[in-house]
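First the structure, in the form of structure tokens, and then the observations on it.
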Amino acid sequence: MDNDNQLIEAAARDLDGTFEAVVVAHQDRLYSIALRMLGDPHDAEEAAQDALVRAYRAMAGYPAERILALRLRPWLATIVLNLCRSRIARRAAAGRPALSLDAAEPGMLEPVADARSGPAATVARRAAGRAWADLLLTLPPAYRSAVVLRHVDGLSYPELATALDRPEGTVKAQVHRGLAMLRTAFEAAERRERKELTA
Amino acid sequence: MTIEDRELEEAMATLLTTAPPSLAPGVLSEIGLVDRYAHVVSPIGALVVAWNGLGVSAVEASENDAAFEEAHEARTGRRTIRAERLPARLERAIQRRLGGDRHVRIDLDLRGHTDFERDVWQKALEIPRGEVRPYGWVAAEIGRPRAVRAVGTALGHNPVPLIVPCHRVVRSDGLLGQYSLGGPQNKRTILAAEGVDLPRLERLASSGIRFLGSDTTKIFCLPTCRHARRVTDRHRLEFRSMDEVRARGYRACRVCRPAAAVAA
Numbered sequence: 002m003d004n005d006n007q008l009i010e011a012a013a014r015d016l017d018g019t020f021e022a023v024v025v026a027h028q029d030r031l032y033s034i035a036l037r038m039l040g041d042p043h044d045a046e047e048a049a050q051d052a053l054v055r056a057y058r059a060m061a062g063y064p065a066e067r068i069l070a071l072r073l074r075p076w077l078a079t080i081v082l083n084l085c086r087s088r089i090a091r092r093a094a095a096g097r098p099a100l101s102l103d104a105a106e107p108g109m110l111e112p113v114a115d116a117r118s119g120p121a122a123t124v125a126r127r128a129a130g131r132a133w134a135d136l137l138l139t140l141p142p143a144y145r146s147a148v149v150l151r152h153v154d155g156l157s158y159p160e161l162a163t164a165l166d167r168p169e170g171t172v173k174a175q176v177h178r179g180l181a182m183l184r185t186a187f188e189a190a191e192r193r194e195r196k197e198l199t200a
Numbered sequence: 008m009t010i011e012d013r014e015l016e017e018a019m020a021t022l023l024t025t026a027p028p029s030l031a032p033g034v035l036s037e038i039g040l041v042d043r044y045a046h047v048v049s050p051i052g053a054l055v056v057a058w059n060g061l062g063v064s065a066v067e068a069s070e071n072d073a074a075f076e077e078a079h080e081a082r083t084g085r086r087t088i089r090a091e092r093l094p095a096r097l098e099r100a101i102q103r104r105l106g107g108d109r110h111v112r113i114d115l116d117l118r119g120h121t122d123f124e125r126d127v128w129q130k131a132l133e134i135p136r137g138e139v140r141p142y143g144w145v146a147a148e149i150g151r152p153r154a155v156r157a158v159g160t161a162l163g164h165n166p167v168p169l170i171v172p173c174h175r176v177v178r179s180d181g182l183l184g185q186y187s188l189g190g191p192q193n194k195r196t197i198l199a200a201e202g203v204d205l206p207r208l209e210r211l212a213s214s215g216i217r218f219l220g221s222d223t224t225k226i227f228c229l230p231t232c233r234h235a236r237r238v239t240d241r242h243r244l245e246f247r248s249m250d251e252v253r254a255r256g257y258r259a260c261r262v263c264r265p266a267a268a269v270a271a
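Quick mapping for you: the protein sequence lines, in order, are chains A and B.
Counting from 2, one number per residue, gives the positions in the first sequence under this note's numbering.
Counting from 8, one number per residue, gives the positions in the second sequence under this note's numbering.
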């Protein structure tokens, strides 16, 4: 946050000299948001790149005082999220099926708590991460984005309210509802896996 | 079977991941803070083409990547990143431009250059393939008839030779003049490849012929103008000066605007 304030002050003085630092500071989180919203790494890279390009172009057109008033974390999140939403809408319009639970293969749903350390644990953790990512993709986009911004990206509720342009109470409810849906999906997947093991 | 909220939240936190290494260079080149470059083959050998999201920023005859990177950064203040090839669309556009299509759109990144230089380069872009114009013609056409020498300097500083065809601007005495992309011999090679009849051009220049006219249309042209080339031997007149042209009462061709060439 302090770092962001410094970045913003520097960007207001010299955008071209500062923007690479903005990219370095925010690329991982923007890519993560896009990846968890879209599921596809290639789409996610395009969306994150597009978001940073749009942010630069917007800032290049702003007077210094408007740049100084920016809250970089939620602002960038809003940009990448909007791009993800339009990609999701385009996919739906093109008739590409939304990802469903069936995409999560049985056996990938190892609880994260099992992962400790060492190469085997890393593999387990990655598999578990993959499974969680797939479960997340089964959530409706509105809940998915609330959970991603709050618990993957780690935005505070006030930042989340800014990013989603909703009252804080509403975004809190969306996050809780999203987590509840995620729990249901997780438990259903576990039950199914168990059934397959005993079959 | 059940899972706690905290476990869910921790699981979500593990989904924060690292951006691929291509992301940051992609952003920075798209907004023009760094350039990419790739090697391309041309009639005069291997060339380096640099570009970013704003357009093509350099065309150079350079075989040494490190030397190119250093010189490019010194000139533009921007880092360069080597790419395997040009973006397909840009490559097609450049091929079409080199093939003579003046209307194919190629964006150029000419930041840091003066309005005068841009005017000169813009004018060079109007010269058709297979034709040449004198330095003085360019100077007069951009409204700076006395700036002939500065036109030569600006053409020498053209960062995107071939794409901006500065090779089509030559001395009024018929000598081809300097060329920034690897020297005067390359200028000959490129003009010949574009269909300019160099021996004829040099023969006319050495006998002091500046313009060609048609006694059927009473129009006079610069020697390489496509309208002059259409005139048959029987109807062609040769002029050494504007005075000779005026004495005959010939009108200037509207395409090559030959009067500009002597306005200086």
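Think of the CB as a built atom: it goes at the ideal place given N, C-alpha and C, for glycine as much as any other residue.
Open item on the list: So for B:H110, helix, strand or coil by DSSP?
Closed with: coil
- [ ] Select from the stretch 173 to 198 of chain A all residues with a C-beta closer than 7 angstroms to any C-beta belonging to chain B, and list them in chain order.
- [x] L180, L183, R184, F187, E188, E191
Open item on the list: With a threshold of 8 angstroms on Cβ separation, who are the neighbours of A:R195 within its own chain once the five nearest residues in sequence on each side are excluded?
Closed with: none
- [ ] Determine whether the Cβ of A:S146 lies closer than 9 angstroms to any Cβ atom of chain B.
- [x] no
- [ ] Using a Cβ cut-off of 9 angstroms (strictly closer), state whether B:E37 contacts chain A.
- [x] yes
Task: the stretch 113 to 120 of chain B touching the stretch 62 to 78 of chain B, judged by at least three CB pairs closer than 8 angstroms - done: yes
- [ ] Return the chain-ordered ranges of every alpha helix (DSSP H) run that is complete within the stretch 93 to 171 of chain B and spans a minimum of 4 residues.
- [x] 95 to 105, 122 to 132, 142 to 148, 155 to 163
Task: Element boundaries [beta strand (DSSP E), containing B:Y44] - done: 41 to 49
Task: Span separating the alpha-carbon of A:S146 from that of A:R74 - done: 15 angstroms
Open item on the list: Can you check whether the C-beta of B:A20 is within less than 9 angstroms of a C-beta belonging to chain A?
Closed with: yes
Open item on the list: Contact criterion: CB-CB distance below 9 angstroms. Does A:A93 meet it with respect to chain B?
Closed with: no
Task: Where the beta strand (DSSP E) through B:V66 begins and ends - done: 62 to 67
Open item on the list: Which residue marks the beginning of the beta strand (DSSP E) containing B:I88, and which one marks its end?
Closed with: 86 to 89
Task: Contact with chain A by B:A57, beta-carbon distance below 9 angstroms - done: no
Task: Extent of the continuous alpha helix (DSSP H) run through A:E47 - done: 42 to 62
Task: Whole-Å CB distance - A:L156 paired with A:A52, under 8 angstroms assumed - done: About 15 angstroms separates the two Cβ atoms, so there is no contact after all.
Task: Coarse secondary structure for B:E11, derived from DSSP in three states - done: coil
Task: Reduced DSSP category for A:T199 - H, G, I as helix; E, B as strand; rest coil - done: helix
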